[in-house]
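As structure tokens, the structure follows; a few thoughts come after it.
In my numbering, the protein residues as written are 684 to 1166.
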């Protein structure tokens, strides 16, 4: 059976797989949401509700002074924290930051962030959108820095719980003002190199947790450019020498916990390369029952409902869920692809369209199955998907050496999956702020991707020892991520 993957636009999106889990509850209504302000306007009703948080000067009750400057626009005057340190694990904490506005930004999209890291540098909480000023209204924080008026002091209240499983004896609170990939320049106070202001380092009493800490950092991968003159044949065999030394994600992990996958019935890993024309990804998927299940000529089938791999792409690398792309390929070598303006949008439930389905990735792909397709009575080892995606399809000339993109890679079955970078309950599989970081390294010149006769063929039913797929894992009840 042959299937050809260079094709006209296709696509469906995993649009509502799971809902946001609030990392830190707040009594005055909190929602963790998108990443871009569309307006600097604040309604009179909202200003009236928030008037208690807008002052002419800092109150005398402010416990700790900082005077950290953010460009020429704002100063973080100081903060109050209750209770004072040392804090107990599981304790509810109220943090109040005092911001003074000197010069209005006159530019929409600037918002506040607050991160809490343990003393090893691991982020343990993100409370960007927690608090009265930061309550999300559409895509905006209700009273973000873009809407601040010169001469006013803004009282920025936040609450959070010290994690009970905190492994270290202290944690650090950092804050800043951001828009997309930009942050306002920080000076004049305790800061980190990436324009995060250090608010405080807080000691914690009691014994450290013996539980394994949750993985919260997104992974990074440095992807090498292929040597000049080298050719990758898109045939699913991965027998070129370059694949042996290509950047490897390692085994995918549990989407929710970030820990090694012990429950989901498929697993996988991926390798990556690139050249002047585009990028290459090779997935090796472990699956004891390889399933296609769609007509051979199906147009834009819902691949996520059975077995497939998925690629999410954020070329800007800012994780803001603006202008990102989705590609899926299944064991039949069927493909769909789509692009989005913002987080899961546009979409039409329940059956689509999802995103801009007129977009085409113009990819080349091939699949080799180590086992049999659509025969549930036997035991398979898995399948390989090899694909090439041209830069031109994503309206890109190709990244400069050292440029970093955000991407996530999944091995999927029955609307769930395992991932290179865990989502940690912060959204669905589209959450770009949880995508891993891909840095393109360029030691050499371009190559080209080719297929036999100019078309890319699938080998089905091939039992090739060269694949060396790990033993299939036992099937358990899948983790469901609703469409």
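By construction, the Cβ of each residue, glycine as well, lies at the ideal position given by its N, Cα and C atoms.
Asked, Found
"Residue 766 burial status per 10 Å Cβ neighbour count (16 or more: buried)", "exposed"
"Cβ neighbour criterion (16 or more within 10 Å) applied to residue 1014", "buried"
"Helix, strand or coil at residue 884 according to DSSP, with G and I counted as helix", "strand"
"Nearest candidate by alpha-carbon position, reference residue 1098, set 1045, 1124, 948", "948"
"C-alpha gap between residue 962 and residue 973, whole angstroms", "26 Å"
"Three-state class that DSSP yields for residue 1123 in the structure shown", "strand"
"Candidates 835, 966, 1037: closest to residue 1101 by CA position", "966"
"Three-state secondary structure (DSSP) of residue 997", "strand"
"Beta-ladder partner(s) of residue 1025, from DSSP", "1028"
"Rounded C-alpha distance that separates residue 964 from residue 820", "38 Å"
"Segment contact flag, the stretch 1101-1114 with the stretch 915-926, C-beta cutoff 8 Å, min 3 pairs", "no"
"Three-state secondary structure assigned by DSSP to residue 953", "strand"
"Rounded distance between the beta-carbons of residue 1119 and residue 901, thought under 8 Å", "5 Å"
"Residues of its chain near residue 865, where Cβ-Cβ distance is below 7 Å and the 5 sequence neighbours each way are ignored", "none"
"Beta strand (DSSP E) segments (min. 3 residues) lying fully within the stretch 1078-1126", "1087-1096, 1099-1102, 1119-1124"
"Nearest to residue 951 (by Cα), restricted to the options 933, 958, 1030", "933"
"8 Å contact criterion, which residue 844 and residue 789 should meet: CB distance rounded", "That belief does not hold up - the Cβ atoms of residue 844 and residue 789 are roughly 37 Å apart, past 8 Å."
"Contiguous alpha helix (DSSP H) assignments of at least 4 residues, all confined to the stretch 911-941", "924-927"
"Cβ-based burial, residue 953 [other Cβ within 10 Å; buried from 16]", "buried"
"Pair within 8 Å by beta-carbon distance, residue 905 and residue 930", "yes"
"Heavy atom of the ligand NAP within 7 Å of residue 832 beta-carbon", "The ligand content of the structure shown is nil, which means the ligand NAP is not present either."
"Start-to-end residues for the beta strand (DSSP E) that takes in residue 805", "It is not in any beta strand (DSSP E) - residue 805 carries neither H nor E in the DSSP assignment."
"Beta bridge counterpart(s) of residue 857 as assigned by DSSP", "798, 881"
"Environment of residue 889 [buried if 16+ CB atoms lie within 10 Å]", "exposed"
"Per-residue DSSP class, three states only, for residue 830", "helix"
"7 Å CB neighbourhood of residue 1136 in its chain, flanking five on each side removed", "Caution applies to residue 1136, whose pLDDT of 37 falls short of 50 and renders its modelled position unreliable; the value that the coordinates give is listed next. If we look at residue 1136 and ignore the five residues flanking it on each side, it has no Cβ neighbours."
"Nearest to residue 1012 (by Cα), restricted to the options 1051, 1025, 1034", "1051"
"Three-way DSSP call (helix, strand, coil) for residue 943 in this model", "strand"
"For residue 1075, three-class secondary structure by DSSP", "helix"
"Run of the alpha helix (DSSP H) containing residue 1047, from where it starts to where it stops", "It is not in any alpha helix (DSSP H) - residue 1047 instead sits in the beta strand (DSSP E) that spans 1047-1053."
"For residue 728, the three-state DSSP class (helix, strand or coil)", "helix"
"Segment contact, 8 Å Cβ cut-off, at least three pairs: the stretch 971-987 with the stretch 827-838", "no"
"Inter-stretch contact at 8 Å, needing at least 3 Cβ pairs: the stretch 986-994 / the stretch 1082-1099", "yes"
"Close Cβ partners of residue 810 (< 6 Å) along its chain, the five nearest in sequence each way excluded", "707, 797, 841, 843"
"Presumed contact (8 Å Cβ cut-off) between residue 758 and residue 779, rounded CB distance", "Not quite, the Cβ-Cβ distance comes to about 15 Å (not below 8 Å), so this is no contact."
"Buried versus exposed, by CB contacts within 10 Å (16 or more), residue 1116", "buried"
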